[in-house]
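Okay, so here's the structure we're looking at.
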Amino acid sequence: MLLDKSSCDALVCAQSMDRLPLEAVLGPGGLLATTQPGFEFRPGQLEMARAVLDALQRGGHLCVEAGTGTGKTLGYLVPAILCDEVVIVSTATKNLQEQILHHDIPRLERALGRQLRVVLLKGRNNYLCLYRLARFEEQGRLPGLDEVHHLEVIRQWSHTTLTGDRAELSGLPEHLPIWAELDARTERCLGQGCPHYAECFITRARQQAREADIVIVNHHLFFADLAARRSDYGAFLPDYTRVIFDEAHEIEDTAASYFSLQISNEQFAELLRDIAQTFIPDAERARAVRQAYQAVVERAAHFWTFAQKVCRPASQAGNRNRAGSGSDARGMLQASDLATEASGYTALAAALDQLAEALGQAAYQKVGNFGINTDPALLRLESRARQLCERLLRIVQAQDANYVYWWERPSPRRFSLQATPIDIAALLREQLFHQVESVVLTSATLTADGSFAFIRSRLGLDESDELLIDSPFDYKQQARLYLPPDLPDPNHPDFTEAAVNEIIALLDITQGRAFVLCTSLRHMRQLYERVREKVPFPCLIQGDQPRSSLIKTFQAEPGAVLFGAASFWQGVDVVGPALSCVIVDRLPFPVPSDPLVAARCQHIENQSGESGGNAFQSYSLPQAILALKQGFGRLIRSRTDRGILCLLDPRIRTKPYGPAVLRSLPPDLPRTGNRDDLRKWFCNVP
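Under the UniProt record's numbering, the first residue of the sequence shown is numbered 1, with each subsequent residue one higher.
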């Protein structure tokens with residue numbers, strides 16, 4: 001979405017933007033205060049803005065932890081506008097993007113008296129590919145009446161849309177199978193060889209981004225682009241020298257996924273389907289492609305059947321219950337698992353190589369006696385076949401000790417093999433922090449036990465300025481931390497029943513109005529089933545509805561209680577008494593059996609010198625602290641909110657690491673283990 005209008009250049013500010021002091025915008029008598037009713041001056045916000053502007057103007061990197069209520073979004077948007085350079089703003093969640101675009105930017109435009117050139121870029125699969133649409137219509141392969149209707153809606157829309165953004169098709173189902181055939185994903189893009197290049201929606205979006213002052217993206221798109229700059233696909237984002245990452249605690253896993261290698265049965269099926277739908281005019285070359293195609297079909301079927309049989313026993317070992325993993329299962333992959341004659345991987349690689357060769361030959365067509373035409377669609381198919389072959393060999397042979405090799409089953413029909421860098425720090429150091437003049441990392445949760453050392457070491461950020469801004473909320477008056485005194489260890493058989501009793505007692509105090517945040521899907525379901533039978537409050541559970549629908553239902557239902565796992569620990573904003581209690585079942589340590597977690601911990605243990613040592617202290621504990629801080633952040637969202645944080649895990653009191661966890665929560669947060677005192681405080685009983 002481009003917020004700039006053609007008349008923007010005619011609007012003149014009273015002062016040059018790059019000379020406007022921050023105080024004139026964010027200060028007590030500044031533009032926001034005088035133009036926005038209810039604007040609240042926040043000293044921490046202004047302090048953050050000064051640090052961000054300094055980093056953007058002089059270069060250098062900055063880490064800012066800004067406590068909930070600081071107003072960090074304006075704390076970096078105003079400096080981004082004033083720095084007079086294009087700035088990429090990357091977020092982890094769609095909600096934050098929408099807040100920036102539809103709330104914060106309009107506020108700033110009104111305050112500054114000018115329109116801002118701001119563009120939201122989405123991942124390529126959100127945009128319509130006109131070439132794919134034309135091909136799809138030519139082939140006329142529509143198995144159902146619904147798809148006939150959906151295609152007609154998309155076709156009509158394609159003539160009027162200025163963006164090609166899937167989000168404009170609000171009248172169509174959210175999950176639309178036909179869209180996967182029509183989107184502009186990278187691996188199918190013909191680039192400048194496409195007959196629709198001039199009117200391409202991706203081309204338009206990139207051009208708008210080049211002319212913008214601020215380009216808003218999500219972390220997935222940013223790191224997909226960063227990885228693409230190392231490949232033959234090329235960049236999607238405009239060139240940049242300044243980047244601001246909000247929700248920066250999410251960066252490591254997102255970046256790792258885009259520097260990974262992946263092959264899946266779905267990728268093979270898509271490639272084969274695209275080849276089958278491609279016309280080759282030369283009969284002899286078409287025959288060669290068909291023969292190679294058939295060989296890949298047969299050998300791929302054998303390989304994927306074998307791979308899923310080999311990995312099936314591990315998928316039943318408990319990984320299905322990872323918080324937030326839904327129905328997926330994952331496990332470690334060893335070279336001995338698939339690099340065998342029985343798997344047929346060498347035969348599949350040979351067939352892919354032969355298919356790529358046949359496609360490459362077919363792409364070159366003689367014209368008359370001397371001319372040669374190239375077919376960009378066939379060249380792209382050749383490239384995809386070669387890449388699948390290369391990835392297959394690298395993943396199955398599993399020879400690079402810097403990668404962890406693993407498999408994943410996201411759904412019963414999808415199966416993938418992946419190779420992920422164990423330590424992403426070196427890649428980010430080289431590809432991001434050494435290449436970009438200024439990178440700002442900000443979040444409400446960047447420090448563990450008061451230090452930025454963990455996040456900096458994980459991301460390869462050797463040098464940066466640091467700023468820690470406490471929340472302006474009065475936690476002494478607004479919140480209580482409740483630590484039940486007599487609960488058994490989470491691994492004890494009696495823990496679940498004891499936890500259920502505590503939850504019921506707390507819900508009686510707060511009259512529902514609670515999140516119960518769990519670290520595993522299995523335990524979430526157990527607590528939900530037992531609690532809902534014994535309380536008069538409506539109980540909701542993750543998975544029964546889409547996340548956004550659950551939040552709306554929770555806010556609309558008086559006294560609702562929501563049981564959630566990983567996706568509800570962050571990015572959820574419920575202001576007011578509807579959320580008065582957050583109950584955490586266990587300290588949210590990363591799952592040790594997860595392949596990535598296991599490999600990272602082993603890597604730390606194997607290191608020597610100062611960088612090596614205890615993986616629990618260096619990785620698992622800081623991760624748990626950051627996750628717990630995120631969970632607590634759901635509770636108090638305004639100066640008028642009041643609420644209880646309850647941690648059911650007794651290890652915070654009994655283990656040596658407990659004090660470090662407690663020190664990471666607000667220092668003025670009162671603690672109690674007495675439920676009667678808790679009730680008196682919550683109910684305002686003197």
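Positions of the beta carbon are idealized from the N, C-alpha and C atoms, including for glycine. Because the structure is a prediction, the values reported are computed rather than measured.
I need the DSSP call for residue i, collapsed to helix, strand or coil.
i	result
Arg414	strand
Pro195	coil
Asp165	strand
Arg671	strand
Asn321	Only weak support is given to the placement of Asn321: the predicted model assigns it a pLDDT of 39, under 50, and the question is left unresolved by the model.
Phe563	strand
Cys683	coil
Ala448	strand
residue 696	Residue numbering for the chain in the displayed model covers 1 to 686; residue 696 lies beyond these limits and cannot be assessed.
Leu461	coil
Ile263	strand
Leu393	helix
Ser620	helix
His102	helix
Ile154	helix
Thr346	helix
Ile625	helix
Out of curiosity, what's the CA-to-CA distance linking residue i and residue j?
i	j	result
Ile202	Arg124	7 Å
Ala323	Cys518	Per-residue confidence for Ala323 stands at a pLDDT of 40, beneath the threshold of 50, marking its modelled position as unreliable; the derived number appears in the next sentence. Approximately 7 Å between the Cα atoms of the pair.
Asp676	Ile509	9 Å
Ile216	Glu85	14 Å
Asp165	Tyr258	23 Å
Leu506	Thr186	50 Å
Val584	Ala453	26 Å
Leu31	Tyr403	51 Å
Ala317	Cys194	With a pLDDT of only 42 at Ala317, under 50, the local geometry of the prediction cannot be trusted, and no value is derived from it.
Ala129	Val436	One point to set straight first is that residue 129 is Cys, not Ala, in the sequence displayed. Those two C-alpha atoms are separated by around 31 Å.
Gly71	Ile469	11 Å
Leu392	Gln139	31 Å
Ala363	Ala283	13 Å
Phe245	Asp649	32 Å
Leu56	Leu22	13 Å
Arg642	Leu101	29 Å
Val78	Ala49	7 Å
Ala329	Val310	14 Å
residue 727	Asp462	As shown, the chain starts at 1 and ends at 686. That puts residue 727 outside it, with no answer to give.
Ser548	Lys94	11 Å
His115	Glu109	Looking at the sequence itself, residue 115 is Gln, so the reference to His does not match. Near 5 Å, if we compare the C-alpha coordinates of Glu109 and Gln115.
Glu174	Glu98	18 Å
Arg513	Thr68	20 Å
Ile280	Ala286	5 Å
Ser325	Ala167	Annotation note: pLDDT 39 at Ser325 (below 50); position unreliable, no value reported.
Asp573	Leu483	24 Å
Ile251	Val685	45 Å
Leu20	His434	30 Å
Tell me residue i's beta-bridge partners as DSSP assigns them.
i	result
Phe433	Its beta-bridge partners do not exist; DSSP assigns none.
Trp407	Gly331 and Leu417
residue 739	Here the chain covers residues 1 to 686 and nothing more, so residue 739 does not appear.
Ala615	Per DSSP, none; premise fails for Ala615.
Pro118	Here the sequence assigns Val to residue 118, which means Pro is not the residue at that position. Paired residue(s): Ile214.
residue 728	Examination of residue 728 is not possible in this model, given that the chain is present from 1 through 686 alone.
Leu128	Asp183
From this set, the options, which residue's C-alpha is nearest residue i's C-alpha?
i	options	result
Arg530	Ala514, Ala134 and Ile503	Ile503
Gln387	Phe268, Ser620 and Ile214	Phe268
Arg107	Gln36, Leu662, Asn606 and Gly67	Gln36
Gly633	Leu272, Val575, Gly658 and Arg230	Val575
Ser158	Ser638, Glu199, Glu147 and Ala180	Glu199
Ala560	Ser567, Phe568 and Ile551	Ile551
Pro376	Val661, Arg651, Gly191 and Thr160	Gly191
Leu669	Ile652, Asn491, Leu645 and Ile604	Leu645
Ile81	Phe41, Ser451, Asn126 and Leu26	Leu26
Tyr475	Thr640, Ala184, Lys655 and Ala134	Thr640
Ala180	Ala205, His150, Gly171 and Gln207	His150
For the ligand HEM, is there any heavy atom lying closer than 7 Å to the beta carbon of residue i?
i	result
Arg480	As for the ligand HEM, it is missing from this structure, which has no ligand bound.
4 or more residues per run - each alpha helix (DSSP H) lying fully within the stretch 478-542: Correct list: 495-510 and 521-532.
Length at least 4, wholly inside the stretch 629-662: the alpha helix (DSSP H) runs in chain order: Listed in chain order, the complete alpha helix (DSSP H) runs (minimum 4 residues) inside the stretch 629-662 are 651-654.
Uninterrupted beta strand (DSSP E) stretches inside the stretch 169-253 (no shorter than 3 residues): Runs of the beta strand (DSSP E) inside the stretch 169-253: 214-218 and 242-245.
Sequence ranges, beta strand (DSSP E) only - wholly within the stretch 39-98, length at least 3: DSSP runs (the beta strand (DSSP E)) wholly in the stretch 39-98: 62-66 and 87-91.
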